[in-house]
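Some notes on the structure that comes next.
In the numbering used here, the protein residues as written are 7 to 220.
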């Protein structure tokens, strides 16, 4: 069974050399975007003048997806606002889901009076395989229209999040047109989401400056 997009996004963001996420703050944004993308691809969310709306009531049948679906049902926001919203909660929910699947171990540690999560992927081959998938899609020559929306989203988000283990700076420059085409696959599903992912790099820069929202 194919893992949900948010699980694949998390594993893609895992740095095997550091035995940790490449950047927890950025990963939180990417997971929010991945959850929204999956809900849109499934048809649970639709775009309405740039806002994310629930298409029909009822759960998606996935604890992580349902967490966001419930929030979207109770409030109207645009897609970028939802990407910024509840990032830490979503990050922890995804980690807990991966722990339940036996894919990840999490240890709560305290340092200088602050708590942090130490995470370890139990099967590094899963990370390696996802890196190969992202790299293959990025460097492929086939029409992006034939790539599954979830796969396109994985590459687009890895590029937007600056995960250099799969999308190097050179790749981001040389393969810019293909990245834009892959991001456009999300835009075809939900125009506001595609636009939000296309501008995610600037959102991450703003978040670094303390303007990322909560």
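All C-beta atoms, glycine included, are put in the ideal place defined by N, C-alpha and C.
Taking 3 residues as the shortest admissible run, the segment 93-145 contains the following complete beta strand (DSSP E) segments, listed from N- to C-terminal end: 110-117 and 120-127.
Of 50, 59 and 213, the smallest CA-CA separation from residue 65 is found for 50. CA-CA distance, residue 207 to residue 13, rounds to 21 Å. Assigned with DSSP and collapsed to three states, residue 38 falls in helix.
Contact between residue 100 and residue 70 holds: their C-beta atoms lie close to 6 Å from each other, under 8 Å. In the structure shown, the three-state DSSP call for residue 26 is strand.
Boundaries of the beta strand (DSSP E) harbouring residue 53: 51-54, taken from the DSSP string. For residue 19, the three-state secondary structure derived from DSSP is coil. Residue 53 has its alpha-carbon roughly 31 Å from the corresponding atom of residue 28. Just so you know, the alpha carbons of residue 186 and residue 162 end up roughly 8 Å apart. Around the beta carbon of residue 130, fewer than 16 other beta carbons lie within 10 angstroms, which makes this residue exposed. Burial state of residue 166 is buried, judged by a 10 Å Cβ sphere holding 16 or more other Cβ atoms. Under a 10 Å Cβ-count criterion, residue 124 is classified as exposed, with fewer than 16 other Cβ atoms of the shown protein chains found around its own Cβ. DSSP places residue 183 in the helix class (H, G or I) of the three-state scheme. In this structure, residue 78 lies near residue 58, with their beta-carbon atoms less than 8 Å apart. The beta-carbon distance between residue 199 and residue 43, rounded to whole angstroms, is 6 Å. This is short enough to meet the 8 Å contact definition.
In this chain, residue 81 is not harboured by any alpha helix (DSSP H), its DSSP state being neither H nor E.
Annotation: residue 61 to residue 117 spans about 44 Å, alpha carbon to alpha carbon.
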